[in-house]
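Number of protein chains: 2
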Amino acid sequence: MLTPVNAAHIVWHKGHVRRDQREAVLDNKGVLVWLTGLPSSGKSTIAFTVEHALIEQGHLAYVLDGDNIRHGLNKNLGFSEEDRAENIRRIGEVGKLFADCGVITLSSFVSPYRKDRDEVRALMDSGDFLEVFINTPLEMCEERDPKGLYKKARDGEILNFTGVSDPYEEPLKPELEIQTKSCTPEEAAATIIELLKQHNKLG
Amino acid sequence: MLTPVNAAHIVWHKGHVRRDQREAVLDNKGVLVWLTGLPSSGKSTIAFTVEHALIEQGHLAYVLDGDNIRHGLNKNLGFSEEDRAENIRRIGEVGKLFADCGVITLSSFVSPYRKDRDEVRALMDSGDFLEVFINTPLEMCEERDPKGLYKKARDGEILNFTGVSDPYEEPLKPELEIQTKSCTPEEAAATIIELLKQHNKLG
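Line order of the protein sequences matches chains A and B.
Residues 1 to 203 (the numbering used here) are what the first sequence spells out, left to right.
Residues 204 to 406 (the numbering used here) are what the second sequence spells out, left to right.
#1: I want to see whether chain B comes within less than 8 Å of Ala185(A), judged by CB atoms only; does it?
#2: For Gln224(A), write down the residues that DSSP places opposite it in a beta bridge.
#3: I'd like to know whether the C-beta atoms of Val33(A) and Ile192(A) end up nearer to each other than 8 Å.
#4: Quick one: is Gly72(A) near chain B, going by C-beta distance under 8 Å?
#5: Verify the CB distance criterion: does Tyr62(A) have a CB-CB separation below 8 Å to chain B?
#6: Could you tell me which residues DSSP pairs with Thr36(A) in its beta bridges?
#7: Assign Lys205(A) to buried or exposed, taking buried as 16 or more other Cβ atoms, counted over all protein chains shown, within 10 Å of its Cβ.
#8: Within the 8 Å Cβ cut-off, does His402(B) reach chain A?
#9: Where are the alpha helix (DSSP H) runs, 4 residues long or more, that stay fully inside the stretch 53-121 of chain A, in chain order?
#10: Which residues, in chain order, does the stretch 34-56 of chain A contribute to contact with chain B at a C-beta distance below 7 Å?
#11: Whole angstroms is fine: what's the gap from Asp65(A)'s alpha carbon to Gly330(B)'s?
#12: Which residues of the stretch 293-311 of chain B have a Cβ closer than 8 Å to any Cβ of chain A? Give them in chain order.
#13: Distance cutoff 8 Å, beta carbons only. Does Gly127(A) sit that close to anything in chain B?
#14: Answer yes or no: does any C-beta atom of chain A fall closer than 8 Å to that of Asn338(B)?
#15: Taking the alpha-carbon of Trp261(B) as reference, which of Pro377(B), Val306(B), Arg221(B) has the nearest alpha-carbon?
#16: Give a yes or no on whether the minimum CB-CB distance between Asn87(A) and chain B is below 8 Å.
#17: Out of Thr252(B), Arg222(B), Glu285(B), point me to the one whose CA is closest to Ala391(B)'s CA.
#18: Can you round the beta-carbon distance between Gln337(B) and Lys246(B) to whole angstroms, since I take them to be within the 8 Å contact cut?
#19: Lys376(B): which of Gly298(B), Val313(B), Ser311(B), Arg317(B) sits nearest, CA to CA?
#20: Measure from the alpha carbon of Leu35(A) to the alpha carbon of each residue in Ile88(A), Asp27(A), Gly203(A), His13(A), then state which is nearest.
#21: Helix or strand or just coil, what does DSSP make of Leu379(B)?
#22: Among Leu326(B), Ile258(B), Asp358(B), whose alpha-carbon lies nearest the alpha-carbon of Asp303(B)?
#23: Verify whether the separation of the beta carbon atoms of Gly359(B) and Leu341(B) is less than 8 Å.
#24: Tell me, which residues are paired with Thr45(A) by DSSP?
#25: Could you name the residues of the same chain whose beta carbon sits closer than 6 Å to that of Ile298(B), not counting the 5 residues immediately before and after it, in chain order?
#26: Starting from Asp223(B) and walking both ways along the alpha helix (DSSP H), at which residues does that stretch end?
#27: Leaving out the 5 sequence neighbours to the left and right, which residues in its chain are closer than 8 Å to Thr3(A) when beta-carbon positions are compared?
#28: With DSSP collapsed to three states, give me the class of Glu31(A).
#29: Under a CB-based cut-off of 8 Å, is Asn160(A) close to chain B?
#30: Keeping to the same chain, check which residues put their C-beta closer than 6 Å to that of Arg121(A); ignore five residues upstream and five downstream.
#31: Using 8 Å as the threshold, is the C-beta distance between Glu289(B) and Leu300(B) below it?
#32: Can you tell me whether DSSP reads Thr394(B) as helix, strand or coil?
#33: Can you find a heavy atom of the ligand SAM that lies under 7 Å from the Cβ of Thr365(B)?
#34: What's the gap between the Cα of Leu196(A) and the Cα of Glu93(A)?
#35: Just the C-alpha distance for Gln224(B) and Asp348(B), rounded to the nearest angstrom, thanks.
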């Protein structure tokens with residue numbers, strides 16, 4: 001046991017801290033910004049650029065992406081339709097916890113199916129889910145192809161690749177659509193920050 | 204599209220914000236405080252009391268418990284041995300993300316098996332996992348029994364109930380052991396806050 005300490009200023013509580021009490025500690029409100037778009041459409045670059053800009057402004061932001069999700073929480077999932085749905089469901093639930101914690105959460109996943117994205121939206125409190133469609137023409141994504149995945153998909157080495165052999169269902173009513181062929185990643189990031197301001201998530 | 208905004212102050216980034224950059228926004232460092240103990244041993248009351256005290260001091264704290272996990276992320280899991288292990292694994296992975304985000308995360312689950320807890324410890328960076336054994340004698344837990352679960356277990360209405368028909372494996376080397384029969388919940392909470400200070404997680 002540690003040395004007994006003075007507990008005089010500590011008050012017994014039987015339930016969670018309320019979200020607004022937690023947000024009062026922060027300079028922002030919780031939210032899940034859901035980036036969706038084709039592979040190599042620029043989702044992660046835009047998400048990271050937003051994350052850095054927000055942190056520099058003193059806000060708490062966090063990006064959920066393949067790096068920290070697919071190798072961790074979702075490492076026991078494959079790419080079957082069922083597993084893809086469970087992948088998105090879990091990310092949505094984690095995003096809900098982060099938003100409840102007061103964090104500006106950005107998720108960066110292809111998330112090709114409208115149904116899966118809409119289920120995440122339905123899970124969240126109203127105003128907590130901002131869907132951002134990163135609209136980059138397939139030809140541009142395929143030209144970039146930083147990991148050579150489109151090439152492998154065209155060569156038949158990767159099956160069920162979104163945009164090549166699997167469908168991508170565009171959002172019908174996203175909170176924001178960014179046409180990346182006519183803007184820089186910095187401009188795209190600035191537009192997302194503007195969206196957060198409009199939804200009273202900052203300051 | 205929103206009106207174009209000034210992106211002059213936004214800098215392109217291709218990777219995550221570093222954890223120490225995020226922690227600089229906060230008045231604390233990320234950590235996962237893992238409370239383990241028998242059903243009705245007082246884990247959640249102590250966790251909530253710590254959470255409230257930390258928030259009042261301006262730190263960002265968040266409790267993961269049955270309320271926000273079992274009905275959300277882990278709602279598709281039952282109570283078989285396999286599902287219990289997956290339950291703890293997912294909570295550990297979520298705790299890892301929260302700690303990486305800079306949050307003082309408290310988890311409040313019976314987590315009866317040493318192996319499952321040790322796997323969470325192995326997952327975390329060194330110093331990010333603080334195991335706290337809430338040591339309450341079985342008789343006390345059973346006497347409290349706020350939800351009548353011990354009674355149901357004794358009557359055979361609930362099977363595989365930890366402490367009655369299922370084992371609880373005490374931690375061998377927890378970072379902290381709290382014997383609740385000789386302290387109040389406020390004193391227990393103060394001891395956890397002292398542990399956080401010792402590990403340089405506050406301020």
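Glycine included, C-beta positions come from ideal geometry on N, C-alpha and C.
Taking the geometry as given:
#1: The sequence given here has Pro at residue 185(A), not Ala. Answer yes: the Cβ-Cβ gap between Pro185(A) and chain B drops below 8 Å somewhere.
#2: Within the shown structure, residues of chain A are numbered from 1 to 203, placing residue 224(A) beyond reach of any answer.
#3: yes
#4: yes
#5: yes
#6: Per the DSSP secondary-structure output, Thr36(A) pairs in a beta bridge with Phe133(A).
#7: Here chain A covers residues 1 to 203 and nothing more, so residue 205(A) does not appear.
#8: His402(B) does not count as touching chain A.
#9: 81-101
#10: Thr45, Phe48, Thr49, Glu51, His52, Ala53, Ile55
#11: 24 Å
#12: Arg293, Glu296, Val297, Lys299, Leu300, Phe301, Asp303, Cys304, Gly305, Val306
#13: Judged by the 8 Å Cβ criterion, Gly127(A) is not in contact with chain B.
#14: no
#15: The question names Trp, but residue 261(B) is Gly in the sequence shown. Closest by alpha carbon: Val306(B).
#16: Not an interface residue.
#17: Thr252(B)
#18: Here residue 337(B) is Ile; the residue named in the question, Gln, does not match the sequence. With 8 Å as the limit, Ile337(B) and Lys246(B) qualify as a contact, their Cβ atoms being about 5 Å apart.
#19: Arg317(B)
#20: Ile88(A)
#21: strand
#22: Taking Asp303(B) as reference, the option from Leu326(B), Ile258(B), Asp358(B) with the minimal CA-CA separation is Leu326(B).
#23: no
#24: As far as DSSP is concerned, Thr45(A) takes part in no beta bridge.
#25: The residue asked about is misnamed: residue 298(B) is Gly in this sequence, not Ile. Leu235, Thr308, Ser310, listed in sequence order.
#26: Unbroken alpha helix (DSSP H) run through Asp223(B): 222-226.
#27: With a pLDDT of 49 at Thr3(A), under the threshold of 50, the modelled position of that residue is not reliable, and the figure given next carries that caveat. Cβ within range, chain order: n/a, list empty.
#28: According to the sequence displayed, residue 31(A) carries Val and not Glu. In the structure shown, Val31(A) sits in a strand (DSSP, three-state: E or B).
#29: no
#30: Phe129
#31: No; because the gap between Cβ atoms is not below 8 Å, this pair is not in contact.
#32: For Thr394(B), the three-state secondary structure derived from DSSP is helix.
#33: Judged by which ligands are present, the structure shown has none, so any question about the ligand SAM falls away.
#34: Distance between the alpha carbons of Leu196(A) and Glu93(A) is about 21 Å.
#35: 44 Å
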